[in-house]
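**Student:** After the structure tokens below, expect a handful of questions from me.
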Amino acid sequence: MSEHLLAAEDLEREYRIGPEIVRVLRGVTLTVNAGESVAVIGASGVGKSTLLHLLGTLDRPTGGRVLFAGEDVFARSETGLARLRRGEVGFVFQFYNLLGEMSALENAMLPALLQRLPASEARERAAAALQEVGLGDRMSHRPGELSGGEQQRVAIARALVGQPRVILADEPTGNLDPKTSEVIWDLFVQLQASLRVAFVIATHNHELARKADRGYRLVDGRGEPSGNPSGRTSRAQGEPQHGRGLGPPRARRATRSRPAVRGERRRNRRSNRVDHIARGFLSENLLAARPPAASYLWAMASRP
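Residue numbering for the sequence shown follows my numbering, beginning at 1328 and increasing consecutively.
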């Protein structure tokens, strides 16, 4: 039996609002192969975001299962789910959720810091990811100094830094103009090809959805395949499953001059400050006070 990278089996999600029960998803089944892109298409309010939240373990289903590489993910503990989110899944949201006091590089470093990687390695990964999305010359800029499209590129770079096997993008072009939206989708196609990472992208834009390998339509909480929008052959079979090679390989450290050593120490002190700020954002009080900026960090955070 062929094993999919990510699968939803008969997913149901309902919410109680006062005396009323609202059924958002009604038995949704969806598969995603390694290295392919799937567009989840539908109008606002049909359950696209709910489906992505369940696939990313940000929410729990009322019924059905989510499988990652054949494993029932909700059999894990909360800590195990956080570990899955940090190491295997990347998130891109409609609202960029960047931290305004940090530079593009520092924002992109956050997933690696939350994986407790050394600051130098986190910086290397973040710089490589920003280069990958075309922001190599904007690393020191803060979100307020970037356009909407550039901020979304930072968010995409941040999703790549954890070296995930799949990226879940929820209406990633919803706040962008048509031209910038097309640029962002073309970037997804490029990253899918170069890094062999799978994408699940929720959108109501049928024109952009055609760039995906496959489409999946949601109507009134029920889903059905909508064919191969792009007409491209899926790259899922017979290729590496994910882009674990992002960033330069480790090499033997060469002898360096004193100025180089001092420069690295200054960078490490700054990275330690970023690390401290990142971990501070994980406290429940601060998360409650700043939900938009902190929601991404919550997704990555592990419960003690």
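Heads up, the beta-carbon is just placed ideally off N, CA and C, and yes, glycines get one too.
Note that the structure is a prediction, hence the values are computed from the model and not measured.
Identify whether A1536 lies in helix, strand or coil by the three-state DSSP scheme.
**Tutor:** Correct three-state label for A1536: helix.
**Student:** What residue range is occupied by the uninterrupted alpha helix (DSSP H) comprising T1507?
**Tutor:** Looking at the DSSP string, the run of the alpha helix (DSSP H) that includes T1507 is P1505 to L1522.
**Student:** How about R1544 and I1368: do their beta carbons lie closer than 8 Å?
**Tutor:** Result yes, Cβ atoms of R1544 and I1368 sit closer than 8 Å.
**Student:** Which residues does DSSP pair with R1340 in a beta bridge?
**Tutor:** R1340 is bridged to L1352.
**Student:** Please give the ranges of any alpha helix (DSSP H) in the region 1350 to 1392, keeping only runs that are unbroken, at least 4 residues long and fully inside the region.
**Tutor:** Complete alpha helix (DSSP H) runs here, min 4: 1375 to 1382.
**Student:** Does the separation of the CB atoms of R1660 and P1388 fall below 8 Å?
**Tutor:** Shown here, the chain extends from 1328 to 1631; a query on residue 1660 therefore has no answer.
**Student:** Based on DSSP bridge pairs, tell me the residues matched to E1398.
**Tutor:** Paired residue(s): F1395.
**Student:** Measure the beta-carbon distance from R1465 to A1431 and round it to whole angstroms, keeping in mind my assumption that it falls under 8 Å.
**Tutor:** The Cβ separation is near 6 Å, so the contact holds.
**Student:** So V1546 and V1373 are supposed to be a Cβ contact under 8 Å. How far apart are they, rounded?
**Tutor:** With a Cβ gap of about 6 Å, V1546 and V1373 count as contacting.
**Student:** Check whether the Cβ atoms of V1488 and A1456 lie closer than 8 Å to each other.
**Tutor:** It is a contact, given that the beta carbons lie within the stated cut-off.
**Student:** What do you get for R1343, buried or exposed, if any count of 16 or more other CB atoms within 10 angstroms of its CB means buried?
**Tutor:** Exposed, by the Cβ-count rule.
**Student:** Please report the residue range of the beta strand (DSSP E) in which E1551 lies.
**Tutor:** Per DSSP, E1551 belongs to the beta strand (DSSP E) from R1549 to P1552.
**Student:** At the level of alpha carbons, what is the spacing between L1437 and F1395?
**Tutor:** Rounded to the nearest angstrom, the two C-alpha atoms are 24 Å apart.
**Student:** Tell me the rounded alpha-carbon separation between V1460 and T1406.
**Tutor:** Spanning the two alpha carbons is a distance of roughly 31 Å.
**Student:** If we ignore side chains and look at the alpha-carbon of each, how far apart do D1337 and H1468 end up?
**Tutor:** Distance between the alpha carbons of D1337 and H1468 is about 44 Å.
**Student:** Tell me Y1543's beta-bridge partners as DSSP assigns them.
**Tutor:** BP columns for Y1543 point to V1367 and P1552.
**Student:** Tell me, please, whether the CB atom of T1507 is closer than 8 Å to any CB atom in chain E?
**Tutor:** Going by chain labels, chain E is absent from the structure shown, which holds only one protein chain.
**Student:** Whose C-beta lies closer than 7 Å to the C-beta of R1580 among residues of the same chain, with five residues either side of it excluded?
**Tutor:** Residue confidence for R1580 is low, a pLDDT of 38 falling below 50, so the modelled location carries little weight and cannot support an answer.
**Student:** With DSSP as the reference, please indicate the residues paired to D1497 in a beta bridge.
**Tutor:** For D1497, which the question treats as bridged, DSSP gives the partners A1529.
**Student:** From the DSSP output, in three-state form, read off E1428 for me.
**Tutor:** If DSSP states are grouped into helix, strand and coil, E1428 belongs with coil.
**Student:** DSSP three-state call for E1347: helix, strand or coil?
**Tutor:** Residue state, collapsed to three classes: strand.
**Student:** Going by the beta-carbon positions, is the gap between Y1423 and Q1458 smaller than 8 Å?
**Tutor:** Taking 8 Å as the Cβ cut-off, Y1423 and Q1458 do not qualify as a contacting pair.
**Student:** So, for E1330: in the same chain, excluding its five sequence neighbours on each side, which residues have a beta-carbon less than 6 Å away from its beta-carbon?
**Tutor:** G1397, listed in sequence order.
**Student:** How many Å lie between A1335 and A1454 at the Cα?
**Tutor:** Roughly 34 Å between the two C-alpha positions.
**Student:** Can you tell which of R1549, D1513, E1433 and H1380 has its C-alpha closest to the C-alpha of L1535?
**Tutor:** When only C-alpha atoms are compared, the closest one is D1513.
**Student:** So, do the region 1469 to 1476 and the region 1439 to 1448 have three or more beta carbon pairs nearer to each other than 8 Å?
**Tutor:** Too few Cβ pairs lie closer than 8 Å, so no.
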